[in-house]
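Data block below; observations after.
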Amino acid sequence: MAECSKCKTTIRGETGIRCMGVCNKIYHISNKCSGLDQYSANILELNNFIRFMCVDCIQYIHNVDLVLKEIQYEVQKNKQNLVDYKHEFESSLNQNENEIKQLLEAIEVRFGERIKKMEFVQKSCEKNVNEIQKIYNHVNELEKSKEDICKSFEEKNINMCNEIKHIIKQTNERNNKLSYAETIKRKTVLPDQSGPLSLIVKPKDRQGAEKTKEELN
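Residue numbering for the sequence shown is 28 to 244, as defined by the working numbering.
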């Protein structure tokens, strides 16, 4: 048999009632234990859909309701704070985005000019390098042409010297073979003299008097 949670005595028959709240304890249906008046007890007996709840559970639930209301209030308050923080954050974010955008534009303009100058200097250097390379190639071509010209002149001079030597040699050989009469005719041996100076030219090869006479005539 069950025991009343209020008076701690045994509950006999159908004189007990169970709390349908949090505690689920059993009480005597009398006003002393359950706190119900006779009218409320009769209503509970006639209507099965009505549930009994002890004073402690009612107080507990009331306190829970108060706590829930406070929690709900704090939730609403925090929700509003979150909304305000969201607006402030979005405003700050937009402001920061504008500042960052302006900063990036300033950096782009500043460094864009430097990049253009660097590109111009690079192109100028490349142009100068190309010009220097052309000059270097021209100098090499001139050096090669100079060597070829000098070599050609050297060969021509050598050939000319050889020809002159050959001509001189032939002339000397021909002069050595001239007869006495041919020497007199060419006047290449007898010098111009103002006084009565006698000169005898002796030919290299002996020849007959008749041949000399014929050559003189």
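C-beta atoms are modelled at their ideal positions from N, C-alpha and C, and glycine is treated no differently.
Asked                                                                                                                                                                            : Found
Drop a sphere of 10 angstroms on the beta-carbon of residue 194, count the other beta-carbons inside from all chains shown, and report buried for 16 or more, exposed for fewer. : exposed
For residue 43, which residues does DSSP report across the bridge?                                                                                                               : 55
Alpha helix (DSSP H) containing residue 75: first to last residue?                                                                                                               : Residue 75 -> no alpha helix (DSSP H), and no H or E assigned at all.
Given residue 64, which residues of its chain have a CB within under 7 Å of its CB, disregarding the five upstream and five downstream residues?                                 : 58
Identify the residues that DSSP records as bridge partners of residue 37: which are they?                                                                                        : 30
To the nearest angstrom, report how far apart residue 87 and residue 46 are at their CA atoms.                                                                                   : 13 Å
Please name the residue in 48, 68 and 49 whose C-alpha comes closest to that of residue 273.                                                                                     : Only positions 28 to 244 of the chain appear in this structure, which leaves residue 273 out of reach.
Specify the secondary structure class of residue 128 as computed by DSSP and reduced to three states.                                                                            : helix
Apply the 10 Å Cβ neighbour rule to residue 34 and answer buried if 16 or more other Cβ atoms are within range, or exposed otherwise.                                            : exposed
How big is the Cα-Cα spacing for residue 162 and residue 170?                                                                                                                    : 12 Å
Can you say whether residue 38 is buried or exposed, counting buried as having 16 or more other CB atoms within 10 angstroms of its CB?                                          : buried
Give the DSSP-derived three-state secondary structure of residue 187 in the structure shown.                                                                                     : helix
Within the segment 111-176, note down every full beta strand (DSSP E) run reaching 3 residues or more, in order along the chain.                                                 : none
Does the beta-carbon of residue 139 have 16 or more other beta-carbons within 10 angstroms, so that it is buried, or is it exposed?                                              : exposed
What does the alpha-carbon distance come out to for the pair residue 95 and residue 108?                                                                                         : 19 Å
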